[in-house]
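S.K.: Structure provided below as structure tokens; questions to follow.
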Amino acid sequence: MKHVVTLTTSNPAHEHVSLRRRQSTTNFMVEAADEQTAILRATAHFKRLGHYIHEAKIFKKKIS
Numbered sequence: 003m004k005h006v007v008t009l010t011t012s013n014p015a016h017e018h019v020s021l022r023r024r025q026s027t028t029n030f031m032v033e034a035a036d037e038q039t040a041i042l043r044a045t046a047h048f049k050r051l052g053h054y055i056h057e058a059k060i061f062k063k064k065i066s
């Protein structure tokens, strides 16, 4: 089953530009058996890219 996970992240590489931490919201499609696994896979992917995760939630489920 495919899940669309909404992530609110910030990139620490951009913190030197301003004192405010910029947050961005991204929708990320993940294929997983349940919602918890989908959230874990999406957050792990963005953590590997070097982002800080502020919030992660399921936006939509798709049955394929």
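Take the position in the sequence shown, starting the count at 1, then add 2; the result is the number in the working numbering. We put the CB at the ideal spot given by N, CA and C, even for glycine.
1. Let me know if Ala-46 comes out buried or exposed under the rule of 16 or more other beta-carbons within 10 Å of its beta-carbon.
2. How many angstroms separate the CA atom of Gln-25 from the CA atom of Pro-14?
3. Within 6 Å: the Cβ of His-5 and any heavy atom of the ligand COA?
4. Tell me which residue opens and which closes the alpha helix (DSSP H) that Leu-42 is part of.
5. Applying the 10 Å Cβ sphere with the 16-neighbour rule, what's the burial state of Ala-35?
6. Consult DSSP for Ala-15 and reduce its assignment to one of helix, strand or coil.
M.R.: With the structure as the only source:
1. By the neighbour-count rule (16 or more Cβ atoms within 10 Å), Ala-46 is not buried but exposed.
2. Per the coordinates, the alpha-carbon of Gln-25 lies some 10 Å from the alpha-carbon of Pro-14.
3. Among the components of this structure there are no ligands whatsoever, and the ligand COA is therefore not found.
4. The continuous alpha helix (DSSP H) containing Leu-42 extends over residues 37 to 50.
5. Per the 10 Å Cβ criterion, exposed.
6. In the three-state reduction of the DSSP assignment, Ala-15 falls in the helix class.
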